[in-house]
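Here the structure comes first, spelled out in structure tokens, and everything after it is commentary.
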Amino acid sequence: MFSGSDASTVAAADSVAVIGLGRFGRALALELMANGTEVLGVDLDESIVQELNGHLTHVVAADSTREEVLQQLAVPEFDRVVVAIGSDIQASILTTSLLLRFNVAHVWAKAVSDAHGTILEQLGVSHVIYPEKEMGRRVAHLVRGSMQDYLEIGDGFSLVKMAPPIAIIGKTLGESRVRATAGVTITAVRPHGGAWTYTDQDTLIAADDTILVSGPTNKAEAFSLRR
Ligand code: ATP
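According to the numbering used here, the residues represented by the sequence shown are 59 to 285, in order.
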């Protein structure tokens with residue numbers, strides 16, 4: 059086992075272990091670091107570990123399918139572990155099973171296919187992520203409408219960043235009554251060059267504002283298509 063840095067004191071309560079540092083795992087680990095979370099990164103590939111040494115709190119070259127390796131890295135002490143191994147489904151499943159056996163509270167695992175995801179769910183993984191599928195769906199919504207950004211929260215509910223439809227420009231939210239007429243809520247507004255603020259009934263919408271809309275996905279999408 060090659061250790062890119064000392065991994066003996068990693069498992070702080072707010073830290074995350076990321077296993078598999080391909081494109082997805084690496085982006086996730088670096089984003090966690092950028093937001094102040096300590097990260098233990100694990101990958102079989104020593105060149106990846108060398109590359110990320112100094113960019114993650116600890117990064118170790120090791121085989122995550124071996125129980126003694128995970129024990130040695132104190133992985134069972136982590137509350138949150140992400141398995142970002144995709145194409146080697148066997149390694150993904152073996153690693154995930156070990157984490158569940160360790161009773162890691164929050165296991166997130168990447169799935170590369172529906173079948174892979176179903177197996178992970180049946181094992182008991184609470185958070186199965188389908189990066190390609192989810193990004194594809196997200197981009198489809200962006201391509202279809204005039205949304206500037208889109209996030210499906212789950213259960214058919216979404217948050218959408220968009221320019222305001224013409225019908226509500228120059229009106230307050232009290233006057234345009236979008237919740238009653240379109241079934242969505244404008245939760246925040248950002249004037250051109252300004253900062254985001256929460257809305258109320260008296261918020262006046264200008265043509266160059268950006269608005270943040272929440273609501274059922276179909277209604278939020280329909281609202282973004284109004285001109
Ligand atoms: P991405 O799209 O994120 O690049 P991928 O599905 O193309 O991922 P994978 O082959 O799934 O790539 O691997 C992601 C990473 O997981 C690789 O860097 C690989 O070295 C690592 N990996 C695979 N098996 C293991 C294992 N048993 N232990 C630790 N790391 C592993």
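Glycine is no exception: its CB is placed at the ideal position from the N, C-alpha and C atoms. Since this is a predicted model, take the numbers as computed values, not measurements.
Using three-state DSSP, classify Thr-176 as helix, strand or coil.
Counting from 1 along the sequence shown, the entry for residue 176 is found at position 118. Looking at Thr-176 - three-state DSSP - the assignment turns out to be helix.
Looking only at DSSP bridge pairs, what is Val-197 linked to?
For the purposes of this step, residue 197 is taken as the residue at position 139 of the sequence shown. The partner list for Val-197 (beta bridge, DSSP) is empty, contrary to what the question assumes.
Verify the contact flag: Arg-81, CB atom, against every heavy atom of the ligand ATP, threshold strictly below 6 Å.
On the sequence shown, residue 81 is found 23 positions in, with the first residue counted as 1. Within the cutoff, so yes.
Under DSSP, the alpha helix (DSSP H) around Ser-150 begins and ends at which residues?
Taking the sequence shown and counting its residues from 1, one reaches residue 150 at position 92. That run of the alpha helix (DSSP H) goes 147-159.
Which of helix, strand or coil does DSSP assign to Ser-204?
Along the sequence shown, one-based indexing puts residue 204 at 146. Ser-204: coil per DSSP, three-state reduction.
Could you pull the start and end residues of the beta strand (DSSP E) that Lys-219 belongs to?
Taking the sequence shown and counting its residues from 1, the one referred to as residue 219 is at position 161. Note, Lys-219: beta strand (DSSP E), 215-220.
Among the residues of its own chain, which have a CB less than 6 Å from the CB of Val-293, if the five just before and after it don't count?
Summary: the structure shown does not reach residue 293, with the chain confined to residues 59 through 285, and so no result is reported for it.
What first and last residue would you give for the beta strand (DSSP E) that runs through Val-140?
In the sequence shown, the residue the question calls residue 140 occupies position 82. 138-141 is the extent of the beta strand (DSSP E) around Val-140.
Is the region 175-186 touching the region 142-161 in the sense that three or more CB pairs, one from each, lie closer than 8 Å?
Cβ pair count under 8 Å is three or more, so yes.
Whether or not the region 222-236 and the region 246-264 are in contact is what I'm after, with contact meaning three or more pairs of Cβ atoms, one per stretch, closer than 8 Å; do they touch?
Verdict: yes, contact present.
Using CA atoms only, rank isn't needed, just tell me which of Ala-280, Asn-276, Lys-277 and Ala-253 is closest to Asp-267.
Here the question's residue 267 lines up with position 209 in the sequence shown. Closest by alpha carbon: Ala-253.
Can you tell me whether Ile-143 sits near the ligand ATP, meaning its C-beta is under 6 Å from at least one heavy atom of the ligand?
Residue numbering aside, residue 143 sits at position 85 when the sequence shown is read from its first letter. Correct: Ile-143 has its Cβ closer than 6 Å to the ligand ATP.
Which same chain residues, not among the five before or five after Arg-285, have their C-beta less than 8 Å away from its C-beta?
Reading the sequence shown from its first residue, position 227 is the one you call residue 285. Same-chain partners within the cutoff: Ser-204, Pro-223 and Ile-224.
Are any of the Cβ atoms in chain B nearer than 7 Å to that of Ile-77?
Absence of chain B from the displayed structure is noted, only one protein chain being present.
Between Gly-78 and the ligand ATP, is there a pair consisting of the residue's CB and a ligand heavy atom that are separated by less than 6 Å?
Position 20 of the sequence shown holds residue 78. Within the cutoff, so yes.
In the DSSP assignment, find the alpha helix (DSSP H) that holds Thr-275 and state where it starts and stops.
The residue you call residue 275 lines up with position 217 of the sequence shown. Run containing Thr-275: 275-283, per the alpha helix (DSSP H) assignment.
Going by Cα to Cα distance, which pick from Thr-243, Pro-189, Leu-217 and Gly-273 is closest to Ala-85?
The count along the sequence shown starts at 1 and reaches residue 85 at position 27. Here the closest residue by C-alpha is Pro-189.
Looking only at its chain, what residues have a beta carbon closer than 8 Å to the beta carbon of Thr-243, apart from the 5 residues adjacent to it on each side?
Start at 1 with the first residue of the sequence shown, and residue 243 comes out as number 185. Val-236, Arg-237, Val-271, Ser-272 and Gly-273.
Tell me where the alpha helix (DSSP H) around Val-107 begins and ends.
Numbered from 1 along the sequence shown, position 49 holds the residue referred to as residue 107. Its alpha helix (DSSP H) spans residues 104-110.
Considering only C-alpha positions, which residue in the set Val-74, Pro-249, Asn-93 and Gly-175 is nearest to Glu-135?
If you number the sequence shown from 1, residue 135 lands on position 77. Looking at the Cα atoms, Val-74 is the closest of the given residues.
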